[in-house]
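**Student:** Here the UniProt record's numbering is used: the sequence shown runs in plain steps of one and ends on residue 294.
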Amino acid sequence: MVDYYQQPPSYHQPGYDYTQQEEEWDREGLLDPAWEKQQKKTFTAWCNSHLRKAGTSIDTIEEDFRNGLKLMLLLEVISGEPLPKPDRGKMRFHKIANVNKALEYIESKGVKLVSIGAEEIVDGNVKMTLGLIWTIILRFAIQDINVEELSARDGLLLWCQRKTAPYNNVNVQNFHNSWKDGLAFCALIHRHRPDLLDYSQLHKGDPIHNLNLAFDIAEKHLDIPRMLDAEDVARHPDEKSTMTYVSCFYHAFRNMREPPAPVIRQPPPQRVVVAPPPERDWRKDVSHLRKSGF
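#1: Are the region 153-166 and the region 221-230 in contact at 8 Å, needing three or more beta carbon pairs?
#2: CA-CA distance, G117 and N100?
#3: Taking C-beta to C-beta, are W35 and I137 nearer than 9 Å?
#4: Tell me where the alpha helix (DSSP H) around A187 begins and ends.
#5: Looking at the strands, I want to know which residues DSSP matches up with N146.
#6: For a test of the three-state rule: what should DSSP assign to K220, helix, strand or coil?
#7: Which residues in the same chain have their Cβ closer than 6 Å to the Cβ of E62, if we skip the five residues on either side of it in sequence?
#8: Measuring CA to CA, which of K95, N212, C248 is closest to G182?
#9: When burial is assigned at 16 or more other CB atoms within 10 Å of the CB, is Q173 buried or exposed?
#10: How many angstroms separate the CA atom of D232 from the CA atom of Q38?
#11: Going by Cα to Cα distance, which pick from I96, R52, K53 is closest to G68?
#12: Ignore the nearest five residues each way along the sequence and tell me which others in L71's own chain have a CB closer than 6 Å to its CB.
#13: For S108, which of helix, strand or coil comes out of DSSP?
#14: Taking the Cβ atom as the reference point for each residue, do T242 and W179 lie within a distance shorter than 9 Å?
#15: State the DSSP-derived secondary structure class of I96, mapped to helix, strand or coil.
#16: Quick one: give me the first and last residue of the alpha helix (DSSP H) that F43 is part of.
#17: Nearest to V170 by alpha carbon, out of P82, K204, M91?
#18: Note down the Cα distance separating P259 from P82, rounded to an integer number of angstroms.
#19: Please report the straight-line C-alpha distance between H50 and V77, rounded to a whole angstrom.
#20: Under 6 Å Cβ to Cβ from W134, same chain only, skipping five residues before and after it: list those, please.
#21: Would you please state the rounded distance, in angstroms, between the beta carbons of I189 and L197? I believe it to be under 8 Å.
#22: If you compare alpha carbons, which of D59, F253, N210, P84 is closest to H192?
#23: For S151, count neighbouring C-beta atoms within 10 Å of its own C-beta (all shown protein chains included) and say buried if the count is 16 or more, exposed if not.
#24: Considering H251, what are the terminal residues of the alpha helix (DSSP H) in which it resides?
#25: According to DSSP, is Y167 part of a helix, a strand, or is it coil?
#26: Rounded to the nearest angstrom, how far is the Cβ of G155 from that of I145, given a contact under 8 Å?
#27: Taking the C-alpha atoms as reference points, what is the distance between K85 and L74?
#28: To the nearest angstrom, report how far apart S108 and K41 are at their CA atoms.
#29: Assign F215 to one of two classes, buried (16 or more other C-beta atoms within 10 Å of its C-beta) or exposed (fewer than that).
#30: State the CB to CB distance for the pair P207 and A234, rounded to an integer number of angstroms; the pair is presumed to be in contact (CB under 8 Å).
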């Protein structure tokens, strides 16, 4: 059985455990109300992008998974595999039984569930519910990404770097600050669908416009739901939320025939007009010389 929390050695120093990284992300992210808000929006939209295939959705992520029914359905949709028959009773022990069936299925896929229990999900614990959904996203949307022998997060990051390399003002080094001005999102779209936007008209100093443009195009033309708020990303982007959203671009584009590498038109250089020196009044100079006795 594969230990999903063991990160490839290329990404971490020897002995650095993926579980340790998850715990650090929990301390840095889920305890921050602003990041919790971003993750609730992103993870809810991600879940609904799959649940809609079964004709349903969720509104409040920490409430709508409490009985385990939609959690089990989500896993069936994204895996394509049937789960055990759920308990239909409304008592607490029925709900715990359903959530446990979902957790057991996740663990059967080689995932270690650290400090996540059925009782916390049934009780509507926001932190634990977000942690569970993040684990599902990692396992079913990110883990299998493989680019030049790099997998999961490393592979997704390398894919972004390769796709955006030809673009001015884009330097993807992570899944937070590298995306704040919106140009990386726009570059990903233009790299695969240059008909959808004119990258040469975008400006690094207008992040809200760039972000909203990318989010609107992705929703309208690529069937990628809007998972992020432009204002949140421009101010303080959450790494988990950004990874979740970017993984949707990967899955949307991975089988698409890639057009030739773009040639980005540079804006014409600004003309610098140098004003001529003021015309010298030679009469004043002559007058001055006369007064000096010359």
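The C-beta atom is built at its ideal place from N, Cα and C for all residues, glycine as well.
**Tutor:** Checking against the coordinates, here is how it stands:
#1: No, they do not touch.
#2: For the purposes of this step, residue 117 is identified with residue 117 of the sequence shown, where counting begins at 1. For the purposes of this step, residue 100 is identified with residue 100 of the sequence shown, where counting begins at 1. Looking at the backbone, the Cα of G117 and that of N100 are separated by about 8 Å.
#3: Locating residue 35 in the sequence shown gives position 35, where the first residue counts as 1. Locating residue 137 in the sequence shown gives position 137, where the first residue counts as 1. In this structure, W35 sits away from I137, with a CB-CB distance that is not shorter than 9 Å.
#4: Within the sequence shown, the letter at position 187 stands for residue 187. In this chain, the alpha helix (DSSP H) harbouring A187 covers 183-192.
#5: As a working note, residue 146 is residue 146 in the sequence shown. Answer is S151, bridged to N146.
#6: Sequence index remark: in the sequence shown, residue 220 carries index 220 (1-based). Three-state result, K220: helix.
#7: Locating residue 62 in the sequence shown gives position 62, counting from the first residue. Taken in chain order, the residues that qualify are G124, V126, T129.
#8: Locating residue 182 in the sequence shown gives position 182, where the first residue counts as 1. Ranked by Cα distance from G182, the options K95, N212, C248 are led by N212.
#9: The residue given as residue 173 occupies position 173 in the sequence shown. By the 10 Å Cβ count, Q173 comes out exposed.
#10: Start at 1 with the first residue of the sequence shown, and residue 232 comes out as number 232. Start at 1 with the first residue of the sequence shown, and residue 38 comes out as number 38. Near 7 Å, if we compare the C-alpha coordinates of Q38 and D232.
#11: The count along the sequence shown starts at 1 and reaches residue 68 at position 68. G68 has its Cα closest to that of I96, out of I96, R52, K53.
#12: Counting from one through the sequence shown, the residue named residue 71 turns up at place 71. Around L71, the same chain offers F65, A102 as residues with beta carbons nearer than 6 Å, after the five sequence neighbours per side are excluded.
#13: Within the sequence shown, residue 108 is the residue found at index 108, counting from 1. Helix at S108.
#14: Here residue 242 refers to the residue found at position 242 when the sequence shown is read from its first residue. Here residue 179 refers to the residue found at position 179 when the sequence shown is read from its first residue. Yes, Cβ-Cβ distance for T242 and W179 is below 9 Å.
#15: Locating residue 96 in the sequence shown gives position 96, counting from the first residue. Helix at I96.
#16: Translated into positions along the sequence shown, residue 43 becomes position 43. Start and end: 33-51.
#17: As a working mapping, residue 170 is identified with position 170 in the sequence shown. Per the C-alpha coordinates, the member of P82, K204, M91 positioned closest to V170 is K204.
#18: If you number the sequence shown from 1, residue 259 lands on position 259. If you number the sequence shown from 1, residue 82 lands on position 82. P259 and P82 have their C-alpha atoms roughly 38 Å apart.
#19: Translated into the one-based positions of the sequence shown, residue 50 becomes position 50. Translated into the one-based positions of the sequence shown, residue 77 becomes position 77. Rounded to the nearest angstrom, the two C-alpha atoms are 7 Å apart.
#20: As a first step, residue 134 must be located in the sequence shown, where it is residue number 134. Cβ contact annotation for W134 (same chain, cutoff 6 Å, sequence separation greater than five): K240, in chain order.
#21: Along the sequence shown, read from residue 1 onward, the residue named residue 189 stands at position 189. Along the sequence shown, read from residue 1 onward, the residue named residue 197 stands at position 197. About 6 Å separates the two Cβ atoms, so the contact holds.
#22: On the sequence shown, residue 192 is found 192 positions in, with the first residue counted as 1. Checking every option, the nearest Cα to that of H192 belongs to F253.
#23: Counted from its first residue, the sequence shown places residue 151 at position 151. Label assigned to S151: buried.
#24: The count along the sequence shown starts at 1 and reaches residue 251 at position 251. H251 -> alpha helix (DSSP H) spans 239-253.
#25: The residue given as residue 167 occupies position 167 in the sequence shown. In the three-state reduction of the DSSP assignment, Y167 falls in the coil class.
#26: In the sequence shown, the residue the question calls residue 155 occupies position 155. In the sequence shown, the residue the question calls residue 145 occupies position 145. The Cβ separation is near 4 Å, so the contact holds.
#27: Position 85 of the sequence shown, counted from the start, is the residue given in the question as residue 85. Position 74 of the sequence shown, counted from the start, is the residue given in the question as residue 74. Taking the straight line joining both Cα atoms gives about 14 Å.
#28: Position 108 of the sequence shown holds residue 108. Position 41 of the sequence shown holds residue 41. Rounded to the nearest angstrom, the gap between the Cα atoms of S108 and K41 is 28 Å.
#29: Working through the sequence shown from its first residue, we reach residue 215 at position 215. Residue environment for F215: buried (at least 16 other C-beta atoms within 10 angstroms of its C-beta).
#30: Taking the first residue of the sequence shown as 1, we reach residue 207 at position 207. Taking the first residue of the sequence shown as 1, we reach residue 234 at position 234. With a contact defined as Cβ atoms closer than 8 Å, P207 and A234 qualify at about 4 Å.
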